[in-house]
Every structure is written in structure tokens, then in C-alpha cells.
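The structure under discussion appears below in the form of C-alpha cells.
Numbering (the working numbering), first residue to last: 10 to 207.
Structural data, given as C-alpha cells:
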């Protein structure tokens, strides 16, 4: 019997808060990877379990089990805000090298040589630190996702999730404006956006 070469393995994880379109990204990345001969592993809850060196919170992703998930909201891999940062003595956020090494070791133990992260600025920063910590042994690609639209991208680009939040927000405000006009009342509307100024 011929010695069959083991497929290279790619992991996908989602960090930060929920945003519309996450499942579409998971689906597209999985389909593209599988068509290119990769095995795909979904990692639950962002970096949470990887930091704890827990390899059990994963699932196999295939074309068959992701081809229709883009119709569903949320994230089939869930999401979490666990960070690879810590506060130093002065209260500044700095890289937690122990967490980075735990993530790298756990990814290697899972035989993951490629990682796709989906998330906002904190997840992007964490992805960069994992890439650096792996010293070239794990290739990392980040998909920017934030309804805040606060990740530096080219001027004509916005993060997915932002456009949906903007459209839904605009519709809600239009409805509130009509109520205000009809009832002769004032309303104050507050939206998220962190420091992005939207």
C-alpha cells in the first residue's frame, strides 16, 4: 500500500464581538482551503482554549458542513474576547509571552500550520504575535471584522459587519426621527463605534 501523504492542516478562529457575516467568512475560507487540499479545523471561542493549552475545543470543517452556514447569523465557532495581552506594573497593555507561547504550542500540537483569524483590532494584534512567536512555522492570515470599523484599512475599504451595522442603524434612526416628528418629542441616539467617530 502506498504511503499516503498527510494533508496540511489549517485552523480558523473568531475573536472579539459578533458581527454579521462571520459564518460567510468561515464557509468561504473552508471551501477554498479544502479545494486546495488542506484539512480545516475550527477552533471554538477564539484564543480562549488555546491559551489554556486545551486541544479539545475544536471541530473538523468540511465543504459539506459549511456550505450553507452563511444563511445563519452568529458564528458556528462562537467567539470570545480572550487576549494575548496583560497589564504591566504601570497599567500599560503589553504582550503576554506565556500566553503567546501556549497558543503556538497548542496549534503545533494540533498540527496546524496555517491559521485564519477573524476579528477586530485585538484579534489582529494577537494574530501578529502568534505569527511572530511561531517563527515562520505557522502562517497567519487575519480577516478584519468589526462593526466599529476602527482597523486601519485603505480609504475605500470597510470591515465586514460595519456596513450591516451602519444600514440597520440608519433605518432605526429614520424610524425614531419619524416618531419624533409625529409626537413632537426629542430623542437621543447613541451608537457604538469606539473611537472611530461614526
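Glycine is no exception: its CB is placed at the ideal position from the N, C-alpha and C atoms.
I'd like to know whether the C-beta atoms of residue i and residue j end up nearer to each other than 9 Å.
i: residue 69; j: residue 49; result: yes
i: residue 23; j: residue 169; result: no
i: residue 128; j: residue 85; result: no
i: residue 55; j: residue 155; result: no
i: residue 103; j: residue 96; result: yes
i: residue 135; j: residue 162; result: no
i: residue 40; j: residue 17; result: no
i: residue 38; j: residue 171; result: no
i: residue 137; j: residue 125; result: no
Distance, Cα to Cα, residue i vs residue j?
i: residue 151; j: residue 184; result: 36 Å
i: residue 36; j: residue 21; result: 10 Å
i: residue 186; j: residue 115; result: 52 Å
i: residue 117; j: residue 74; result: 25 Å
i: residue 10; j: residue 45; result: Because residue 10 sits at a pLDDT of 46, beneath the cut-off of 50, its placement in the model cannot be relied upon, and the point is left open.
i: residue 82; j: residue 62; result: 29 Å
i: residue 119; j: residue 173; result: 35 Å
i: residue 9; j: residue 191; result: In the structure as shown, the chain starts at 10 and stops at 207, and residue 9 therefore has no counterpart that could be examined.
i: residue 53; j: residue 67; result: 6 Å
i: residue 207; j: residue 59; result: Legend: pLDDT at residue 207 = 43, less than 50; position of this residue unreliable, value from coordinates given subsequently. Roughly 34 Å separates the two Cα atoms.
i: residue 177; j: residue 164; result: 22 Å
i: residue 15; j: residue 80; result: 32 Å
i: residue 64; j: residue 121; result: 11 Å
So, for residue i: in the same chain, excluding its five sequence neighbours on each side, which residues have a beta-carbon less than 7 Å away from its beta-carbon?
i: residue 42; result: 19, 49
i: residue 182; result: 198
i: residue 195; result: 189
i: residue 57; result: 89, 91
Kindly list the residues whose CB is nearer than 6 Å to the CB of residue i, restricted to its own chain and excluding five residues on each side of it in sequence; keep chain order.
i: residue 78; result: 32, 36, 85
i: residue 146; result: none
i: residue 131; result: 92
i: residue 133; result: 151
i: residue 72; result: 40, 43
Provide the residue span of the beta strand (DSSP E) that contains residue i, from first to last.
i: residue 4; result: The requested residue 4 is not part of the displayed model; the chain covers only 10 to 207.
Among the residues of its own chain, which have a CB less than 8 Å from the CB of residue i, if the five just before and after it don't count?
i: residue 90; result: 24, 25, 26, 55, 131
i: residue 88; result: 23, 24, 25, 26, 27, 31, 54, 55, 128
i: residue 110; result: 142
i: residue 201; result: 156, 157, 174
So the alpha helix (DSSP H) residue i belongs to, where does it begin and stop?
i: residue 174; result: 171 to 192
May I have a chain-ordered list of the beta strand (DSSP E) segments no shorter than 3 residues that lie completely inside the segment 112 to 153? You should have 121 to 128, 148 to 153.
Jot down the residue ranges of each uninterrupted beta strand (DSSP E) in the segment 35 to 116, minimum 3 residues, whole runs only, in chain order. DSSP runs (the beta strand (DSSP E)) wholly in the segment 35 to 116: 48 to 52, 67 to 70, 94 to 96, 102 to 104.
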